[in-house]
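Enquirer: Chains H and L, in that order, give the protein sequences. FYI, in the UniProt record's numbering the residues of the first sequence are 1 to 300. FYI, in the UniProt record's numbering the residues of the second sequence are 1 to 428.
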Amino acid sequence: MVPIRLWRLPKQDFSELMGYFRAVYRADERSPRSLHLTAEAIAMNPGNYTVWHFRRLILEALNVDLHDELNFLDNIAESNTKNYQIWHHRRWVAQKLGTDAANKELEFTRKIISLDSKNYHAWSHRQWVLQALGGWEDELDYCHELLKEDVFNNSAWNQRYFVITRSPLLGGLKSMRESEVNYTVEAILAHPENESSWRYLRGLYAGDTQSWIIAPQVSSVCLKVLGSRINFVFALSTLLDLLSHGFPSTQAFRDAVDALRVPDDNQTDSNLAKTACLILERVDPIRVNYWLWQKSKLPQ
Amino acid sequence: MEAPVLEKLTETQQNQRMVEYEVARIYDFFLRAPRSAQEFMLELQRENHIEYLTNGLNHLGPSFRVLDANRPWICYWILHSIALLGDSVDAELEARAIDFLNRCQDSSGGYGGGPGQLPHLATTYAAVNSLVTLGSHEALSSINRHKLYTFLLQMKHPSGGFRMHDQGEIDVRACYTAISVASILNILDDELVQNVGNYIQSCQTFEGGIAGEPGSEAHGGYTFCGLATLILINEVHRLDLRSLLDWVVFRQAGLECGFQGRTNKLVDGCYSFWQGGVCSLLKRLSLDIDEQSVQPDAREGSSFDNLSTGADTSRKVNYNDVGYEFIEKHPSSQPLFNSLALQQYILLCAQVPEGGLRDKPGKPKDYYHTCYCLSGLSLCQYSSSNEDSPPLPQAVAGPYSNLLEPVHPLYNVVFERAIEALDFFRGK
Numbered sequence: 001m002v003p004i005r006l007w008r009l010p011k012q013d014f015s016e017l018m019g020y021f022r023a024v025y026r027a028d029e030r031s032p033r034s035l036h037l038t039a040e041a042i043a044m045n046p047g048n049y050t051v052w053h054f055r056r057l058i059l060e061a062l063n064v065d066l067h068d069e070l071n072f073l074d075n076i077a078e079s080n081t082k083n084y085q086i087w088h089h090r091r092w093v094a095q096k097l098g099t100d101a102a103n104k105e106l107e108f109t110r111k112i113i114s115l116d117s118k119n120y121h122a123w124s125h126r127q128w129v130l131q132a133l134g135g136w137e138d139e140l141d142y143c144h145e146l147l148k149e150d151v152f153n154n155s156a157w158n159q160r161y162f163v164i165t166r167s168p169l170l171g172g173l174k175s176m177r178e179s180e181v182n183y184t185v186e187a188i189l190a191h192p193e194n195e196s197s198w199r200y201l202r203g204l205y206a207g208d209t210q211s212w213i214i215a216p217q218v219s220s221v222c223l224k225v226l227g228s229r230i231n232f233v234f235a236l237s238t239l240l241d242l243l244s245h246g247f248p249s250t251q252a253f254r255d256a257v258d259a260l261r262v263p264d265d266n267q268t269d270s271n272l273a274k275t276a277c278l279i280l281e282r283v284d285p286i287r288v289n290y291w292l293w294q295k296s297k298l299p300q
Numbered sequence: 001m002e003a004p005v006l007e008k009l010t011e012t013q014q015n016q017r018m019v020e021y022e023v024a025r026i027y028d029f030f031l032r033a034p035r036s037a038q039e040f041m042l043e044l045q046r047e048n049h050i051e052y053l054t055n056g057l058n059h060l061g062p063s064f065r066v067l068d069a070n071r072p073w074i075c076y077w078i079l080h081s082i083a084l085l086g087d088s089v090d091a092e093l094e095a096r097a098i099d100f101l102n103r104c105q106d107s108s109g110g111y112g113g114g115p116g117q118l119p120h121l122a123t124t125y126a127a128v129n130s131l132v133t134l135g136s137h138e139a140l141s142s143i144n145r146h147k148l149y150t151f152l153l154q155m156k157h158p159s160g161g162f163r164m165h166d167q168g169e170i171d172v173r174a175c176y177t178a179i180s181v182a183s184i185l186n187i188l189d190d191e192l193v194q195n196v197g198n199y200i201q202s203c204q205t206f207e208g209g210i211a212g213e214p215g216s217e218a219h220g221g222y223t224f225c226g227l228a229t230l231i232l233i234n235e236v237h238r239l240d241l242r243s244l245l246d247w248v249v250f251r252q253a254g255l256e257c258g259f260q261g262r263t264n265k266l267v268d269g270c271y272s273f274w275q276g277g278v279c280s281l282l283k284r285l286s287l288d289i290d291e292q293s294v295q296p297d298a299r300e301g302s303s304f305d306n307l308s309t310g311a312d313t314s315r316k317v318n319y320n321d322v323g324y325e326f327i328e329k330h331p332s333s334q335p336l337f338n339s340l341a342l343q344q345y346i347l348l349c350a351q352v353p354e355g356g357l358r359d360k361p362g363k364p365k366d367y368y369h370t371c372y373c374l375s376g377l378s379l380c381q382y383s384s385s386n387e388d389s390p391p392l393p394q395a396v397a398g399p400y401s402n403l404l405e406p407v408h409p410l411y412n413v414v415f416e417r418a419i420e421a422l423d424f425f426r427g428k
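Here you go:
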């Protein structure tokens, strides 16, 4: 035993506390008082991964009820939601508790996400819980709920993609595609300036360019947005992507794109992709080099 | 200008409008200011930044408690920033830094967040980059490379990823920090590289960027880490570079001119380096992007697996040459992002004239943001030239005296120091 009195810690400064910690850590003393000391050290600095690591060794040695450990974590997590160590520890505890912990963990992440809808750690933890412990049943509804509240929440779109591609309860990307395309097209038409929904739409055809270029919903949503003549950057860049994969341009697209030109775009070009690049250079000047680069890569 | 109306907007839209409003106010003020005031506003306040940084090294006071497991990071952020500004610390401070980092070095290899702490990959990266930045013989030879190699192997996970520390989390950051130090110290070999490419590839998302772990959201920090790792192990063809490029150029915000970390998130000065770094790495890979464009379906299905294994076995790679060879790939003339616009964001919105740089207006300065804003500024300044030749005046926003030292884009240490370290360890 390390000869220090720690049972009732007086208010002490950080360095003193860490001095005690280092003593029990070096002596590898896996005792209740060491466990208590790790809690104190964590309260002072939840980023100290060595303390967390030692705490796990003690928890294992003392065979502590890990439900208590989850409660301990609940108390410090809410003020430290961007701390790697707490989330890693939580994963370790939940893993040990097994499927019993699934509901509590889904509830917990839901709570964090309700406070901070794009918390990266909370989302990663939630994905891990679903994959390791289950609880997929309501996940698509949950995504819908979040997107209804804020359709610009890219983390919710990412989660939706995670669910439709990985949920064992759904049939995978191909079987979900049609209904997801319809859902996404509706979101795009409501907010054509929302990049998240456009990227999601493209993602629904990942690894299947052939279906991407022949999908009537895709070309029709592009055409509709181009026809509206506002917020059309993503529609035009999607058209460019389609064309680069062999999408046959139609008169309707040529007309829609022509209508976006201004007198300054005097370079007349019969090549639709090139015209699209010219318009994007003007309406999206922050990316002018990218559109010039795209244009330079077009087949002559 | 009127304050934005916030009714009926979603949370994302509200936050975005508020930042746009704040930034627009700054740009508006700048545009209306007389020429002399404009020149002053665009000036990098070198002396003030150096003072802020040097103070940080001298007084790592009690407010740094939360970073107590992060001290090598503070060393790196400060030392690298000072080096970017073309300055260096005096002999006494250098000796103290070497001594401190040496006390963070674990007897069985690697560096912890402070003396007596478990060795950790991120703090190992920070410590090694700090020592490379100091650059002296004492600094470089204080690193126990053989034990460090053993530590890296111990952190390796069968999935191809690395753990941050003993039983720690596995993610793309861990891969990058492990591979980056191994590369610069000339200890990278097949055993360390095994399956790393699989792991990073599995983290590229449908958006095009790279996530921290498979399934998560594409994110600037992880995208830099993933791309740099794959370049260092010569397996960049595993990524869909075209979609990566499309994702990253869209991270630069049209009004604010800075980079955001994820789709529909707010700009943050630190992504000037993470996303700007991805852009500059991709620019040097433009030939590889072209190759993928010729066969757009090459990555789909099993044909891609054949492609990647074919490329891997066709020639034996000397990993430790990558740090040299990559920078010899001369970039085509224009950057893929808007370099002047980004410099404008860094100088007018992220710079605190009294010293230090920050995330965005209204946020406090800190060493992390100072380091990555300055690193990003340097990337911008050299984005139309090469690290070994001075850029043209029109590539540098503000007075030419704003020019920083160039960085090696794979390691993020000052270019010359990276080359010196590569030379130093090459003979070992």
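Note that beta-carbon positions come from the ideal geometry of N, C-alpha and C, so glycine has one too.
Would you say Ser63/L faces chain H, with C-beta separation under 8 Å as the test?
Expert: For Ser63/L, the predicted structure reports a pLDDT of 47, less than 50, and the residue's modelled location is therefore unreliable. The matter cannot be settled from this model.
Enquirer: Which partner residues of Gly112/L appear in the DSSP bridge assignment?
Expert: BP columns for Gly112/L point to Pro119/L.
Enquirer: Taking only beta-carbon atoms, is Asn306/L less than 8 Å away from chain H?
Expert: Below a pLDDT of 50, predicted positions are generally treated as unreliable, and Asn306/L, at 34, falls in that range; no measurement from the model is reported.
Enquirer: Under three-state DSSP, which class holds Val151/H?
Expert: In this structure, Val151/H counts as coil in the three-state DSSP scheme.
Enquirer: Any idea which residues DSSP pairs Gln127/H with across the strands?
Expert: BP columns for Gln127/H are empty, so no partner.
Enquirer: Can you grab the Cα-Cα spacing for the pair Glu107/H / Phe259/L, in whole Å?
Expert: Near 33 Å, if we compare the C-alpha coordinates of Phe259/L and Glu107/H.
Enquirer: Would you mind giving the Cβ-Cβ distance between Arg71/L and Gly114/L, rounded to the nearest angstrom? I have them listed as a contact below 8 Å.
Expert: Their Cβ separation, rounded to whole angstroms, is 5 Å, which keeps Arg71/L and Gly114/L in contact under 8 Å.
Enquirer: Taking 8 Å as the threshold (beta carbon to beta carbon), is Val249/L in contact with chain H?
Expert: Yes - at least one Cβ of chain H is within 8 Å of the one on Val249/L.
Enquirer: Rank His237/L, Val172/L and Ser243/L by C-alpha distance to the C-alpha of Pro214/L and give the top, closest one.
Expert: If we check each option's Cα against that of Pro214/L, Val172/L comes out closest.
Enquirer: In terms of DSSP beta bridges, what is Lys283/L paired with?
Expert: Answer is none; Lys283/L lacks a bridge partner.
Enquirer: Touch check for the region 173 to 180 of chain L and the region 132 to 143 of chain L: three-plus C-beta pairs under 8 Å?
Expert: The region 173 to 180 of chain L, when compared against the region 132 to 143 of chain L, does not touch it at the 8 Å Cβ threshold.
Enquirer: Residue range of the alpha helix (DSSP H) that Phe14/H falls in?
Expert: Phe14/H -> alpha helix (DSSP H) spans Phe14 to Arg26.
Enquirer: Which residues of chain H have a Cβ atom closer than 8 Å to the Cβ of Gln252/L, listed in chain order?
Expert: Within 8 Å Cβ-Cβ: Ile286 and Arg287.
Enquirer: Does His408/L come out as helix, strand or coil in the three-state DSSP assignment?
Expert: Reduced to three states, the DSSP call for His408/L is strand.
Enquirer: Compare the beta carbon distance of Ser183/L and Gly323/L with 8 Å and say whether it is the shorter of the two.
Expert: It is a contact, given that the beta carbons lie within the stated cut-off.
Enquirer: Sorted by chain position, which residues of the same chain lie with C-beta nearer than 7 Å to Leu281/L's C-beta, five sequence neighbours on each side aside?
Expert: Correct list, in chain order: Leu227, Ala228, Ile231 and Pro409.
Enquirer: With respect to the alpha helix (DSSP H) encompassing residue 309/H, which residues constitute its N-terminal and C-terminal limits?
Expert: Because chain H spans 1 through 300 in this model, residue 309/H falls outside it and cannot be assessed.
Enquirer: Excluding the five sequence neighbours on either side, which residues of its own chain have a C-beta within less than 7 Å of the C-beta of Leu152/L, listed in chain order?
Expert: So the qualifying residues of the chain are Ala178, Ala182 and Leu192.
Enquirer: Between which two residues does the alpha helix (DSSP H) harbouring Leu278/H extend?
Expert: Leu278/H -> alpha helix (DSSP H) spans Leu272 to Val283.
Enquirer: Would Trp293/H pass as an interface residue toward chain L - the criterion being a Cβ-Cβ separation below 8 Å?
Expert: True, the Cβ-Cβ gap to chain L drops below 8 Å.
Enquirer: Let's test the definition: count the other Cβ atoms within 10 Å of the Cβ of Glu256/L and tell me whether it reaches 16, buried, or not, exposed.
Expert: Buried is the call here.
Enquirer: Residues in the region 151 to 172 of chain H with C-beta within 9 Å of chain L's C-beta atoms, listed in sequence order?
Expert: Against chain L - using a Cβ distance shorter than 9 Å - the residues of the region 151 to 172 of chain H are Val151, Phe152, Asn153, Asn154, Ser155, Trp157, Asn158, Gln159, Tyr161, Phe162, Thr165 and Arg166.
Enquirer: Does His88/H get closer than 8 Å to chain L when you measure Cβ to Cβ?
Expert: By this cut-off, His88/H is an interface position.
Enquirer: Is Asn119/H close to chain L, meaning its C-beta is less than 8 Å from at least one C-beta of that chain?
Expert: Answer no: the Cβ-Cβ gap between Asn119/H and chain L never drops below 8 Å.
Enquirer: Suppose you measure from the CA of Phe54/H to the CA of Glu16/H; what does that come to, to the nearest Å?
Expert: Between Phe54/H and Glu16/H, the C-alpha separation is close to 18 Å.
Enquirer: At a CB distance below 8 Å, what residues from the region 255 to 278 of chain L approach chain H? Give them in sequence order.
Expert: Flagged, chain order: Cys257, Arg262, Thr263, Asn264 and Lys265.
Enquirer: To which residues of the same chain is Gln131/H closer than 8 Å at the C-beta, ignoring the five residues directly before and after it?
Expert: Here the set comprises Arg166.
Enquirer: Measure the CB-CB distance between Thr133/L and Val414/L and report whether it falls below 8 Å.
Expert: Yes.
Enquirer: Quick check on Leu342/L: does DSSP put it in helix, strand or coil?
Expert: Three-state DSSP puts Leu342/L in a helix.
Enquirer: For Phe64/L and Pro353/L, I'd like the C-alpha separation in whole angstroms.
Expert: In this prediction, Phe64/L scores a pLDDT of 49, lower than 50, which makes its location untrustworthy; no coordinate-derived value is stated.
Enquirer: Can you name the residues of chain H whose CB is closer than 7 Å to the CB of Leu348/L?
Expert: Within chain H, no residue comes near Leu348/L; the closest Cβ sits about 16 Å away, beyond 7 Å.
Enquirer: Taking 8 Å as the threshold (C-beta atoms), are Leu35/H and Leu62/H in contact?
Expert: Against a cut-off of 8 Å, the Cβ pair of Leu35/H and Leu62/H comes out as a contact.
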